[in-house]
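Chemist: Sharing a structure with you now.
Protein chains: 2
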Amino acid sequence: MKVLVIGAAGMVGRKLVAALLASGRVGEQAITGLALADVIAPSVPASTIAITTSAADLSVPEVAERLVQDRPDLIFHLAAIVSGEAEADFEKGYRINLDGTRHLLEAIRLAGQAAPYRPRLIFTSSIAVFGEPLPAVIGDTQEHTPLTSYGTQKAICELLLADYSRRGFVDGVGIRLPTIVVRPGKPNKAASGFFSGIIREPLAGQEALLPVADTVRHWFASPRAAVGFLLHAAAMDTGLLGHQRNLTMPGLAATVADEIAALERVAGPRATALIRRQPDETIARIVAGWPQAFEARRARALGFTADSSFDEIIRIHIEDELGGRLG
Amino acid sequence: MKVLVIGAAGMVGRKLVAALLASGRVGEQAITGLALADVIAPSVPASTIAITTSAADLSVPEVAERLVQDRPDLIFHLAAIVSGEAEADFEKGYRINLDGTRHLLEAIRLAGQAAPYRPRLIFTSSIAVFGEPLPAVIGDTQEHTPLTSYGTQKAICELLLADYSRRGFVDGVGIRLPTIVVRPGKPNKAASGFFSGIIREPLAGQEALLPVADTVRHWFASPRAAVGFLLHAAAMDTGLLGHQRNLTMPGLAATVADEIAALERVAGPRATALIRRQPDETIARIVAGWPQAFEARRARALGFTADSSFDEIIRIHIEDELGGRLG
């Protein structure tokens with residue numbers, strides 16, 4: 112089986128590639144070739160599997176054509192401009208997040224006109240397709256009401272993925288990822304950054320700012336769980352999906368207080384003492400419009416599994432990013 | 112106020128233009144200019160208002176640019192490839208129904224970069240954005256689950272309209288029209304054609320075929336009601352819409368038996384005797400997946416009004432198409 116990962120240099124992309132190379136298979140099938148693409152060509156990991164890498168800007172139509180030229184059996188499409196950037200740069204957001212995905216779908220459809228071709232395509236969508244007013248726990252048939260251009264672009268791509276799948280051009284699965292915590296690396300300016308920061312910084316012996324109240328509740332998955340969703344979507348029986356090709360992934364609903372309590376259990380009060388409360392009205396207002404929890408019954412019934420607790424999410428960060436040791 | 116009607120040569124477009132010219136105003140504002148566009152240039156109706164007409168294929172980007180060059184204050188966008196054709200010709204459907212609408216939105220946005228410009232844009236969407244499984248009565252927060260490429264294209268345009276409105280580029284209102292009955296003209300091959308045919312043909316003294324059971328229930332509006340929705344959307348206070356720019360229009364839920372009973376009340380048993388039952392499995396299966404009824408509470412609260420009865424729908428056809436006389 113030939114696999115293509117678009118957006119392979121991102122945080123989830125790198126972890127996905129590592130998992131693919133570690134097992135050498137997707138479900139029952141051995142991986143015979145792995146193509147990695149991102150805006151800047153990803154570095155080639157050491158492996159016995161044949162790996163190619165390329166710099167690829169999906170917003171250029173010919174690029175998608177080139178990427179599917181080798182007819183990969185499985186494509187992970189993780190490439191996107193993030194929410195804040197898509198809101199700040201309207202044209203760039205639509206060009207990358209909408210046109211880029213459409214170019215990919217079109218390249219696959221047109222390849223199928225030359226000779227039968229219907230690859231599995233895993234598309235990472237987002238809970239940003241939903242916006243207030245929202246129920247406290249969101250069901251699987253919640254309507255799309257995006258309140259950002261990013262959420263709009265993801266919702267449109269979900270619709271395209273379903274239609275291209277219904278028409279038989281592609282075997283698509285869209286997965287709406289929860290907010291990923293603990294994100295490794297440096298603090299960033301994303302409004303959601305503090306959800307990771309109040310765990311990551313204290314574990315590294317550094318102070319973290321908490322801009323919202325302890326009662327704020329949100330929906331989380333670890334990077335390891337996110338990779339698990341992608342691999343499960345790649346190997347699942349898509350006949351079970353019918354025409355509803357997009358799924359809200361299971362996650363863990365937790366308040367900021369839940370996060371802090373878990374951090375104290377895992378790393379003690381020395382860690383939680385490093386969290387400094389510094390209320391920020393702007394961030395609080397943005398976060399207030401976000402989803403708090405989902406049922407995700409359909410995805411659970413289809414075998415997607417979430418992290419079991421926030422303690423586990425913190426332990427995964429310690430194992431995967433800190434070499435298993437507390438600082 | 113300058114008004115542009117795109118798709119002015121279609122059935123609803125022609126009736127809309129006639130209504131605009133008859134009143135000479137939209138809400139409180141006098142119409143100072145009317146531009147009519149369609150794939151083939153519409154004929155110029157007699158009027159004291161300055162009218163221009165043009166042939167315009169919206170799928171060509173420069174065409175949208177040209178259409179908004181005069182900065183119309185109000186734009187009705189009714190142009191679309193119908194459901195059956197969008198399903199038969201995948202590329203054409205996306206080119207006209209999706210790219211065409213996007214070119215229009217982009218032309219408006221880019222015109223606004225030169226000098227402030229934020230026209231009211233009325234977009235005709237469709238109940239085809241919904242597909243089974245559906246509740247018997249569909250609420251205002253039903254998720255989009257289109258089962259046709261046409262429905263997918265309309266759902267995507269709704270999302271774009273909402274995002275462009277949220278960003279302040281346009282003042283958009285999307286209206287999901289019920290199935291229009293009685294459609295004037297000749298029988299066509301649309302699966303929904305019989306809903307009009309079993310009224311229109313008997314009123315003209317001709318036989319009509321009924322391919323489904325009398326118990327089939329569906330959601331209707333007269334052409335006159337449809338024009339009323341468009342005019343109301345053009346003059347309403349869009350501040351009441353918030354970020355939810357798309358509305359399911361009110362209609363009339365009626366079974367085939369309701370239609371036939373109304374026809375008998377209006378035109379007597381001589382008319383209904385012309386309906387011949389000829390079951391068609393294919394049409395029955397297609398229609399079985401269609402919406403049956405909607406709440407449309409939000410649109411009603413905003414002042415959109417439906418036909419009061421199927422008898423009224425038939426009388427409107429007799430008045431507007433048959434010169435007020437039965438054959």
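Read top to bottom, the protein sequences are chains A and B. Letter by letter, the first sequence follows residues 112 to 438 of the working numbering. Letter by letter, the second sequence follows residues 112 to 438 of the working numbering. Where is the CB? At the ideal position from N, CA and C, for every residue including glycine. It should be emphasised that the depicted structure is a prediction, and the values quoted were computed from it without experimental measurement.
(1) Mind pulling the chain A residues with CB within less than 8 angstroms of His-255/B?
(2) Tell me the rounded alpha-carbon separation between Glu-430/A and Val-377/A.
(3) Measuring only the C-alpha atoms, how far is Glu-196/B from Leu-363/B?
(4) Answer yes or no: does any C-beta atom of chain B fall closer than 8 angstroms to that of Leu-258/A?
(5) Per DSSP, Ile-427/A forms a beta bridge with which residues?
(6) Give the DSSP-derived three-state secondary structure of Gln-224/B in the structure shown.
(7) Taking 8 angstroms as the CB-CB limit, is Asp-274/B close to chain A?
(8) Is it true that the region 183-192 of chain B meets the region 205-217 of chain B, where meeting means three or more beta-carbon pairs spaced less than 8 angstroms apart?
(9) Taking Cβ-Cβ distances shorter than 8 angstroms, what residues in chain B pair up with Gln-355/A?
(10) When you compare the CB of Phe-331/A with every CB in chain B, is at least one pair closer than 8 angstroms?
(11) Would a check of beta-carbon distances place Thr-212/A closer than 8 angstroms to chain B?
(12) Contact check, Thr-290/A vs Phe-306/A under 8 angstroms by CB: the rounded distance?
(13) Would you kindly check if the distance between the Cβ of Leu-270/B and the Cβ of Ile-267/A is under 8 angstroms?
(14) My assumption, with CB atoms under 8 angstroms, is that Ala-407/A sits in contact with Arg-328/A. Please give the rounded CB distance.
(15) Counting C-beta neighbours from all protein chains within 10 Å, is the total for Pro-230/A 16 or more, i.e. buried, or is it exposed?
(16) What did DSSP end up calling Val-377/A once you bin it into helix, strand or coil?
(17) With three or more beta-carbon pairs closer than 8 angstroms as the criterion, would you say the region 347-358 of chain A touches the region 307-321 of chain A?
(18) Among Asp-149/A, Lys-300/A, Phe-280/A, which has the Cα closest to the Cα of Asp-391/A?
(19) In terms of residues, what are the limits of the alpha helix (DSSP H) holding Asp-274/B?
(20) Three-state secondary structure (DSSP) at Phe-405/A?
(21) Given that a residue counts as buried once 16 or more other Cβ atoms are within 10 Å of its Cβ, and exposed if not, what is Val-293/B?
(22) Given 8 angstroms as the limit, is there contact between the region 328-339 of chain A and the region 417-435 of chain A, that is, 3 or more CB pairs closer than that?
(23) If you measure beta-carbon to beta-carbon, which residues of the region 346-379 of chain B are closer than 8 angstroms to chain A?
(24) Quick check on the DSSP output: the alpha helix (DSSP H) that includes Ala-64/A runs from which residue to which?
(25) Can you say whether Pro-153/B is buried or exposed, counting buried as having 16 or more other CB atoms within 10 angstroms of its CB?
(26) Please go through the same chain and pick out, in chain order, the residues whose beta-carbon is closer than 8 angstroms to the beta-carbon of Ile-151/B, but skip the five residues on each side of it.
(27) Using a Cβ-Cβ cutoff of 7 angstroms, what residues of the region 182-208 of chain B are near chain A? List them in chain order.
(28) Looking at Met-112/A and Asp-181/A, is the spacing between their C-beta atoms short of 8 angstroms?
(29) Which chain B residues are close to Arg-278/A, counting only those with a beta carbon under 8 angstroms from its beta carbon?
(30) Mind checking if Thr-143/B is an interface residue toward chain A, Cβ cutoff 8 angstroms exclusive?
(31) Is there at least one Cβ from chain B nearer than 8 angstroms to Glu-393/A's Cβ?
(32) Would you verify that the beta carbon of Arg-267/A is, or is not, closer than 8 angstroms to some beta carbon of chain B?
(33) From the DSSP secondary-structure annotation, give me the bridge partner or partners of Arg-177/A.
(34) Could you name the residues that DSSP lists as bridge partners for Thr-366/B?
(35) Any C-beta of chain A sitting closer than 8 angstroms to the C-beta of Thr-71/B?
(36) So Ile-371/A and Ile-394/A are supposed to be a Cβ contact under 8 angstroms. How far apart are they, rounded?
Modeler: To lay it out plainly:
(1) What you label residue 255/B is simply residue 144 of the second sequence in a count that begins at 1. Under the 8 angstroms cutoff, chain A gives Glu-254, His-255, Leu-270.
(2) Walking along the first sequence from the start, residue 430/A turns up at place 319. Walking along the first sequence from the start, residue 377/A turns up at place 266. Spanning the two alpha carbons is a distance of roughly 12 angstroms.
(3) Numbered from its first residue, the second sequence carries residue 196/B at position 85. Numbered from its first residue, the second sequence carries residue 363/B at position 252. Cα to Cα, Glu-196/B sits roughly 26 angstroms from Leu-363/B.
(4) One-based indexing of the first sequence puts residue 258/A at position 147. Closer than 8 angstroms to some Cβ of chain B, the Cβ of Leu-258/A qualifies, so yes.
(5) Within the first sequence, residue 427/A is the residue found at index 316, counting from 1. In the DSSP output, where bridge partners are listed per residue, Ile-427/A has none listed.
(6) By one-based count along the second sequence, residue 224/B stands at place 113. Residue state, collapsed to three classes: helix.
(7) Position 163 of the second sequence, counted from the start, is the residue given in the question as residue 274/B. Asp-274/B counts as touching chain A.
(8) yes
(9) Counting from one through the first sequence, the residue named residue 355/A turns up at place 244. Those within 8 angstroms of Gln-355/A in chain B are Thr-256.
(10) In the first sequence, counting from the first residue as 1, residue 331/A sits at position 220. It does not: the Cβ of Phe-331/A has no partner Cβ on chain B nearer than 8 angstroms.
(11) For the purposes of this step, residue 212/A is identified with residue 101 of the first sequence, where counting begins at 1. So no, Thr-212/A is outside the interface.
(12) Counted from its first residue, the first sequence places residue 290/A at position 179. Counted from its first residue, the first sequence places residue 306/A at position 195. Between Phe-306/A and Thr-290/A the Cβ distance is about 6 angstroms, and since that is below 8 angstroms, they are a contact.
(13) As a working mapping, residue 267/A is identified with position 156 in the first sequence. As a working mapping, residue 270/B is identified with position 159 in the second sequence. Against a cut-off of 8 angstroms, the Cβ pair of Leu-270/B and Ile-267/A comes out as a contact.
(14) Within the first sequence, residue 407/A is the residue found at index 296, counting from 1. Within the first sequence, residue 328/A is the residue found at index 217, counting from 1. Not really, about 15 angstroms apart at Cβ, beyond 8 angstroms.
(15) Translated into the one-based positions of the first sequence, residue 230/A becomes position 119. With 16 or more Cβ atoms within 10 Å of its Cβ, Pro-230/A is classed as buried.
(16) Mapped onto the first sequence, residue 377/A falls at position 266. Looking at Val-377/A - three-state DSSP - the assignment turns out to be helix.
(17) no
(18) Start at 1 with the first residue of the first sequence, and residue 391/A comes out as number 280. The shortest C-alpha separation from Asp-391/A is found at Lys-300/A.
(19) Numbered from 1 along the second sequence, position 163 holds the residue referred to as residue 274/B. Note, Asp-274/B: alpha helix (DSSP H), 260-277.
(20) Along the first sequence, read from residue 1 onward, the residue named residue 405/A stands at position 294. Phe-405/A: strand per DSSP, three-state reduction.
(21) Numbered from 1 along the second sequence, position 182 holds the residue referred to as residue 293/B. Buried.
(22) yes
(23) His-354, Gln-355
(24) The displayed coordinates of chain A run from 112 to 438. Any statement about residue 64/A would go beyond what the structure contains.
(25) What you label residue 153/B is simply residue 42 of the second sequence in a count that begins at 1. Classification for Pro-153/B: buried.
(26) Against the second sequence, residue 151/B aligns to sequence position 40. Cβ within range, chain order: Ala-120, Ala-166.
(27) Phe-201
(28) Position 70 of the first sequence, counted from the start, is the residue given in the question as residue 181/A. Position 1 of the first sequence, counted from the start, is the residue given in the question as residue 112/A. Cβ distance not < 8 angstroms, so Asp-181/A and Met-112/A don't count as in contact.
(29) Counting from 1 along the first sequence, the entry for residue 278/A is found at position 167. Ordered by position in chain B, the residues that pass the 8 angstroms Cβ test against Arg-278/A are Phe-201, Ser-260.
(30) Counted from its first residue, the second sequence places residue 143/B at position 32. Judged by the 8 angstroms Cβ criterion, Thr-143/B is not in contact with chain A.
(31) Locating residue 393/A in the first sequence gives position 282, counting from the first residue. Looking at the sequence provided, one finds Thr at residue 393/A rather than Glu. So, not an interface residue.
(32) In the first sequence, the residue the question calls residue 267/A occupies position 156. What sits at residue 267/A in the sequence shown is Ile, not Arg. Judged by the 8 angstroms Cβ criterion, Ile-267/A is in contact with chain B.
(33) For the purposes of this step, residue 177/A is identified with residue 66 of the first sequence, where counting begins at 1. Partner(s): none; Arg-177/A has no beta bridge.
(34) Mapped onto the second sequence, residue 366/B falls at position 255. Answer by DSSP bridge pairing, in chain order: Arg-328/B.
(35) Past the edges of chain B, shown from 112 to 438, lies residue 71/B, and the structure says nothing about it.
(36) Walking along the first sequence from the start, residue 371/A turns up at place 260. Walking along the first sequence from the start, residue 394/A turns up at place 283. With a Cβ gap of about 17 angstroms, Ile-371/A and Ile-394/A do not count as contacting.
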